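**Student:** Just so you know, the protein sequences line up as chains A and B, in that order. Take the first sequence: its letters are residues 428 to 614, numbered as in this note's numbering. Take the second sequence: its letters are residues 428 to 614, numbered as in this note's numbering. Every residue, glycine too, gets a C-beta built ideally from N, C-alpha and C. Quick caveat: nothing in here was measured; it's all calculated off a predicted structure.
Number of protein chains: 2
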Amino acid sequence: MPKILLDTQLKIDARTIETQKKLYAAMIHFYEEKHSFTELTVTQVWHYAQVGRTTFYRHHQDLTDIITVQLLILINDFHRRIDSVTTLNLETGSQAIVTEIRNNPLLFQLMAWSQSSDLMVHILSGEVLNILNIREHAFDHQPILATILAQNILNFALTISTHPEFNFEQVQQLFNLTIPNLPAPID
Amino acid sequence: MPKILLDTQLKIDARTIETQKKLYAAMIHFYEEKHSFTELTVTQVWHYAQVGRTTFYRHHQDLTDIITVQLLILINDFHRRIDSVTTLNLETGSQAIVTEIRNNPLLFQLMAWSQSSDLMVHILSGEVLNILNIREHAFDHQPILATILAQNILNFALTISTHPEFNFEQVQQLFNLTIPNLPAPID
Numbered sequence: 428m429p430k431i432l433l434d435t436q437l438k439i440d441a442r443t444i445e446t447q448k449k450l451y452a453a454m455i456h457f458y459e460e461k462h463s464f465t466e467l468t469v470t471q472v473w474h475y476a477q478v479g480r481t482t483f484y485r486h487h488q489d490l491t492d493i494i495t496v497q498l499l500i501l502i503n504d505f506h507r508r509i510d511s512v513t514t515l516n517l518e519t520g521s522q523a524i525v526t527e528i529r530n531n532p533l534l535f536q537l538m539a540w541s542q543s544s545d546l547m548v549h550i551l552s553g554e555v556l557n558i559l560n561i562r563e564h565a566f567d568h569q570p571i572l573a574t575i576l577a578q579n580i581l582n583f584a585l586t587i588s589t590h591p592e593f594n595f596e597q598v599q600q601l602f603n604l605t606i607p608n609l610p611a612p613i614d
Numbered sequence: 428m429p430k431i432l433l434d435t436q437l438k439i440d441a442r443t444i445e446t447q448k449k450l451y452a453a454m455i456h457f458y459e460e461k462h463s464f465t466e467l468t469v470t471q472v473w474h475y476a477q478v479g480r481t482t483f484y485r486h487h488q489d490l491t492d493i494i495t496v497q498l499l500i501l502i503n504d505f506h507r508r509i510d511s512v513t514t515l516n517l518e519t520g521s522q523a524i525v526t527e528i529r530n531n532p533l534l535f536q537l538m539a540w541s542q543s544s545d546l547m548v549h550i551l552s553g554e555v556l557n558i559l560n561i562r563e564h565a566f567d568h569q570p571i572l573a574t575i576l577a578q579n580i581l582n583f584a585l586t587i588s589t590h591p592e593f594n595f596e597q598v599q600q601l602f603n604l605t606i607p608n609l610p611a612p613i614d
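Written as structure tokens, this is what we have:
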């Protein structure tokens, strides 16, 4: 689990962002070279990324952490996107999700490559749970509801990430057909 | 791929059903004994099931085929359930799906154990595609829509199969909250 996760505010400083960018680019390199993830070593990655060993271990414990941090950056970006929307409703909400999915196809491919989807579902379900709680949703079993929705969103993203032929409108349409609108919160 | 799949009518004769029952029970036995799936051999399974080697290979090519045939039997049963419903609508349709999921928790656990979910999604998406075609759905990219819906239904079933504490109404409610109703067919 990356140490950054402990900071719920997810305030990642500029130097950390710079390191993460290099490490993430290195991971993409090895993925695109069709390197086996299980045979990839931490040393190979920080070497290729030109990041020192100590710098690597300051924020990451293993290679999966590079992917986790990138997902946290995506979630952070999603929050900023949502905050900047004047009217937050189901349409603008799902547009923000689809935008994040379309902007990060390689991230989802890296999740599949590293077989870290279960961990990513876990992180994403925490985020979905927050949204459900904010909306004061009536269903009694919010954790399992959040887990299933997080699985569905991640599966959607994984599938879409291998279909670059679909444009924004088509992806949005697919999203609306496969991820349901939850009932409105109870006032 | 099991040879039965070639018969689109899925007419499985009584003797085959008997063999399949024994083989499926044997798979459940090894699963519940926490045997590693990758280390399990075909010989161990037909031995334990008291099914002859020739009988095994008449309908199955490998151990995953036992799970595939069981999924085909579930789909067959779903068809019979749907056919017996006087009014087929979204409510009775989703009730039939939830009933199948609740009647077969071990089948979904075997899919996870054998890591055969991708193959099962493939089979299930063919079934979903049939339903979408029958309903003359308007979306242009039905194969990818069917794949995503099949993934979501299977993920739902996998998650629910490990939560026996939920009753039928709760599972139904969770299903309706996570699997969207597709727009009505165009007349």
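Is it buried or exposed for V666/A, if we count other Cβ within 10 angstroms and need 16 for buried?
**Tutor:** This structure leaves residue 666/A out entirely; chain A is present only between 428 and 614.
**Student:** What does L517/B reach in chain A if we use C-beta pairs closer than 7 Å?
**Tutor:** Neighbours of L517/B across chain A, judged by C-beta separation under 7 Å, do not exist; the nearest C-beta is about 12 Å away.
**Student:** Quick one: what's got a C-beta closer than 7 Å to A577/A's C-beta in the same chain, skipping five residues either side?
**Tutor:** V548, L551, S552, V555
**Student:** Throw me the rounded Cβ distance for the F534/A and L585/A pair, which I believe falls under 8 Å.
**Tutor:** It should be pointed out that residue 534/A corresponds to Leu in this sequence rather than to Phe. Actually they do not touch by this definition, with Cβ atoms about 10 Å apart.
**Student:** Using 8 Å for Cβ pairs, my map puts I524/A next to F602/A. What's the rounded Cβ distance?
**Tutor:** 7 Å
**Student:** Between the beta-carbon of I509/B and the beta-carbon of Y451/B, is there less than 7 Å?
**Tutor:** no
**Student:** With 16 as the cutoff for other CB atoms within 10 Å, does I444/B come out buried or exposed?
**Tutor:** exposed
**Student:** With distance defined between alpha-carbon atoms, name the residue in N516/A, Q569/A, T526/A nearest to I583/A.
**Tutor:** It should be pointed out that residue 583/A corresponds to Phe in this sequence rather than to Ile. In this structure, T526/A is the residue among N516/A, Q569/A, T526/A with its C-alpha nearest to the C-alpha of F583/A.
**Student:** Consider the Cβ of N557/A: report whether some Cβ of chain B lies at a distance smaller than 7 Å.
**Tutor:** no
**Student:** Would you mind stating whether N579/A and N579/B have Cβ atoms separated by less than 7 Å?
**Tutor:** yes
**Student:** For T443/A, which three-state DSSP category applies?
**Tutor:** helix
**Student:** So T491/B and L581/B are supposed to be a Cβ contact under 8 Å. How far apart are they, rounded?
**Tutor:** At roughly 15 Å, the Cβ-Cβ gap does not stay under 8 Å, so T491/B and L581/B are not in contact.
**Student:** Please name the residue, chosen from Y475/B, G520/B, L604/B, that lies closest to R507/B on a Cα-to-Cα basis.
**Tutor:** Nearest option by C-alpha distance: G520/B.
**Student:** Looking only at its own chain, which residues have a Cβ that is under 7 Å from the Cβ of E592/A, when we skip the five neighbours before and after it?
**Tutor:** none
**Student:** Is the beta carbon of W540/B sitting closer than 7 Å to the one on Y475/B?
**Tutor:** no
**Student:** Looking at the secondary structure, which residues open and close the alpha helix (DSSP H) in which G520/A lies?
**Tutor:** Judged by DSSP secondary structure, G520/A falls within the alpha helix (DSSP H) whose first and last residues are 517-530.
**Student:** Helix, strand or coil for T605/B, going by three-state DSSP, please let me know.
**Tutor:** helix
**Student:** Would you list, in sequence order, the uninterrupted alpha helix (DSSP H) runs of no fewer than 4 residues that lie entirely inside the segment 448-486 of chain A?
**Tutor:** 469-476, 480-486
**Student:** Tell me, to the nearest whole angstrom, how far the beta carbon of F483/A is from that of V496/A; I am working on the premise that it is less than 8 Å.
**Tutor:** F483/A to V496/A, Cβ: 12 Å. No contact.
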